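Visitor: Residue numbers (the UniProt record's numbering): 1 to 339.
All residues carry an ideal CB built from backbone N, CA and C; glycine is no exception.
Bear in mind the structure is a predicted one, so any value in this text is a computation, not a measurement.
Before we start, here is the structure in question, set down as structure tokens.
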């Protein structure tokens, strides 16, 4: 698949203008504006920044932290709008089909932009074709947590516990197609532990299910579960990242517990629709990167378990070209489905 992220070249624009002049043809002003954004006037109205998840999750938190500084840099309000559904696919699809003028963006993530393309039977978009990558904003390691009633104190003990129980152990996810879903399926595939997926509508409901003891295990971002772990309402067994977090050294990784290939590290990234003009992309990137590096945002990331990435458009596109097939292979090996 090829990427179509840049706008028309100067040579093509000049050639097209000459052709119109020769024929005497003229396009209506509204059609020209819809077909090609004029980057010189950007932004000419408030920016709609879609979060494709319910309020309160890690993507929503980071987006709302960044929005004020982005608005100041762009000279227009940045309005955060939650459009949840299908693990982020609903809101992401809305932006993919929006006008490529830079006024509608989405703060996407690993679920709708790396996992869904392989997990869905008929995905409504092609990530590499239908979006313009703007910036890989942050990564957020997952933490595998259990209800305090589970006797396991580490990952190996949990696998043994699951295998000892008739019918196995249920595990919650924040929705089919999320990284919390794929983490459970990957653990099942790697260890043979009889784990049964129980999808919830969103993170709040999944954590309520775990806190109540309805479902004994959950994999979710450090941001969401850390307060409950510190209050003793959940027990953390493993950090699913390549290395321990310097800010949270008390959490051992799965690799340290004998599972080096059990790494499930969600990420958050900013996208526009395909064919976003390069000058618009660069201006949005500059505003987003400045917001991410601002003292107000940067100071809050470590406590939330987030790590700033700030990759520019070309590097983010290269990251996606490697990330999407990696998750396709995980889905193939684990046999994960949306059911």
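Do residue 196 and residue 168 have their C-beta atoms within less than 8 Å of each other?
Guide: Yes, these two residues count as a Cβ contact at 8 Å.
Visitor: Starting from the Cα of residue 94, find the closest Cα among 241, 236, 273 and 201 and give me that residue.
Guide: Among 241, 236, 273 and 201, the Cα nearest to that of residue 94 belongs to 273.
Visitor: I'd like to know whether the C-beta atoms of residue 257 and residue 238 end up nearer to each other than 8 Å.
Guide: Cβ atoms of residue 257 and residue 238: closer than 8 Å.
Visitor: Bridge partners of residue 235, per DSSP?
Guide: Answer is 146, bridged to residue 235.
Visitor: Under 8 Å, do residue 142 and residue 179 count as touching if we go by C-beta distance?
Guide: Cβ distance < 8 Å, so residue 142 and residue 179 count as in contact.
Visitor: For the 8 Å Cβ check, are there 3 or more pairs between the segment 62-69 and the segment 114-124?
Guide: The answer is no - the segment 114-124 does not touch the segment 62-69, with fewer than three Cβ pairs under 8 Å.
Visitor: If we count the other Cβ atoms within 10 Å of its Cβ and call it buried at 16 or more, is residue 289 buried or exposed?
Guide: Buried is the call here.
Visitor: Counting only the same chain and skipping the five closest in sequence on each side, list residues whose C-beta sits under 6 Å from that of residue 294.
Guide: The answer, listed in chain order, is 69.
Visitor: Would the segment 71-91 count as touching the segment 305-316 if we require 3 or more Cβ pairs under 8 Å?
Guide: Verdict: no, contact absent.
Visitor: Is the segment 50-57 touching the segment 265-283, taking contact as three or more C-beta pairs under 8 Å?
Guide: No, the segment 50-57 does not touch the segment 265-283.
Visitor: Under the rule that 16 or more other beta-carbon atoms within 10 Å means buried, what is residue 193, buried or exposed?
Guide: Buried: at least 16 other Cβ atoms inside 10 Å.
Visitor: Report, in whole angstroms, the separation of the C-beta atoms of residue 200 and residue 173, which I expect to be a contact under 8 Å.
Guide: Contact holds; Cβ gap of about 7 Å.
Visitor: Grouping DSSP H, G and I as helix and E and B as strand, with all else coil, what is residue 207?
Guide: Looking at residue 207 - three-state DSSP - the assignment turns out to be helix.
Visitor: Which residue's Cα is closest to the Cα of residue 261: 277, 186 and 249?
Guide: Here the closest residue by C-alpha is 186.
Visitor: Go through its chain and collect everything with a Cβ distance to residue 59's Cβ below 7 Å, but skip five positions before and after it.
Guide: Cβ neighbours of residue 59 beyond the five flanking positions: 51, 53, 107, 109 and 268.
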